[in-house]
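First comes the structure, then the notes that go with it.
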Amino acid sequence: PIKLAPELIHGVLREGHKMLFAGPSKAGKSFGLMQLAIAIAEGTNWNGFKCEQGRVLYVNLEIDPNSAKKRIVDIYHAAGITHNGINNLDIWNLRGKTTPMDQLTPKLIRRAKDGNYSAIIIDPIYKVLTGDENNAYDMAKFV
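Numbering of the sequence shown is given in my numbering, commencing with residue 20 and proceeding in unit increments.
As structure tokens, this is what we get:
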């Protein structure tokens with residue numbers, strides 16, 4: 020039998036795999052990614068898909084730290100879930116400190132090394148891209 024990595028988001032994503040969340044500007048990608056981070060941290064559902072509980076590093080490159088905290092609180096309240104797993108969610112606020120992915124990667128590895136993270140979410144990805152986010156070749160190089 021073929022041994023597969025455990026599912027992190029059942030039917031969608033396995034541990035150690037990559038996923039790109041794409042859509043037009045103002046489509047709600049950041050809220051969707053925050054909902055995903057909370058679903059993994061709490062071990063609840065995300066868009067109808069069961070998430071295994073685990074630690075999440077959410078790299079916030081866009082909004083200020085207090086706005087990020089407020090969004091997280093608002094998502095918890097809107098979902099009607101308790102924050103029992105909130106300690107599983109680490110937010111790394113880097114607004115105004117954006118660097119290309121090749122420079123962010125070593126810092127990210129150091130930051131994540133002892134975190135035992137099930138998922139690392141970088142939002143928004145265009146802040147660290149050196150190519151064109153609308154170019155399939157550039158995106159293939161990135162992932």
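Backbone N, C-alpha and C fix where the C-beta goes; we use that ideal spot for every residue, glycine too. Keep in mind the model is a prediction, meaning the values are calculated, not measured.
Just the C-alpha distance for residue 104 and residue 44, rounded to the nearest angstrom, thanks. For this step, residue 104 is matched to residue 85 along the sequence shown. For this step, residue 44 is matched to residue 25 along the sequence shown. Those two C-alpha atoms are separated by around 30 Å.
Can residue 27 and residue 73 be called in contact, C-beta distance under 8 Å? For the purposes of this step, residue 27 is taken as the residue at position 8 of the sequence shown. For the purposes of this step, residue 73 is taken as the residue at position 54 of the sequence shown. Cβ atoms of residue 27 and residue 73: closer than 8 Å.
Could you check whether residue 114 and residue 142 sit closer than 8 Å to each other, using their CB atoms as the reference points? By 1-based counting over the sequence shown, the position of residue 142 is 123. By 1-based counting over the sequence shown, the position of residue 114 is 95. Their beta carbons are not under 8 Å apart, which means residue 142 does not touch residue 114 by this criterion.
State the Cα-Cα distance for the pair residue 29 and residue 36, rounded to the nearest angstrom. On the sequence shown, position 10 is the one that residue 29 refers to. On the sequence shown, position 17 is the one that residue 36 refers to. For residue 29 and residue 36, the distance between alpha carbons rounds to 13 Å.
The segment 51 to 63 / the segment 85 to 99 touching (three or more Cβ pairs under 8 Å): yes
Among 93, 62 and 137, the one whose alpha carbon lies nearest that of residue 24: Mapped onto the sequence shown, residue 24 falls at position 5. It is 137 whose Cα lies nearest to the Cα of residue 24.
With residue 110 and residue 79 assumed to form a contact (beta carbons below 8 Å), what rounded beta-carbon distance in angstroms separates them? Reading the sequence shown from its first residue, position 91 is the one you call residue 110. Reading the sequence shown from its first residue, position 60 is the one you call residue 79. So it is a contact: roughly 6 Å between Cβ atoms.
Can you tell which of 77, 94 and 147 has the C-alpha that lies nearest to the C-alpha of residue 108? Position 89 of the sequence shown holds residue 108. Out of 77, 94 and 147, 77 has the C-alpha closest to the C-alpha of residue 108.
Measuring only the C-alpha atoms, how far is residue 8 from residue 93? Nothing can be reported for residue 8, as the shown portion of the chain is limited to 20 through 162.
So the candidates are 102, 87 and 135; which of them puts its Cα closest to the Cα of residue 49? Here residue 49 corresponds to residue number 30 of the sequence shown, with the count starting at 1. The shortest Cα separation from residue 49 among 102, 87 and 135 belongs to 87.
Same chain, Cβ closer than 7 Å to residue 33, five either side skipped, listed in chain order: Numbered from 1 along the sequence shown, position 14 holds the residue referred to as residue 33. If we look at residue 33 and ignore the five residues flanking it on each side, its Cβ neighbours are 23, 24, 25, 26 and 27.
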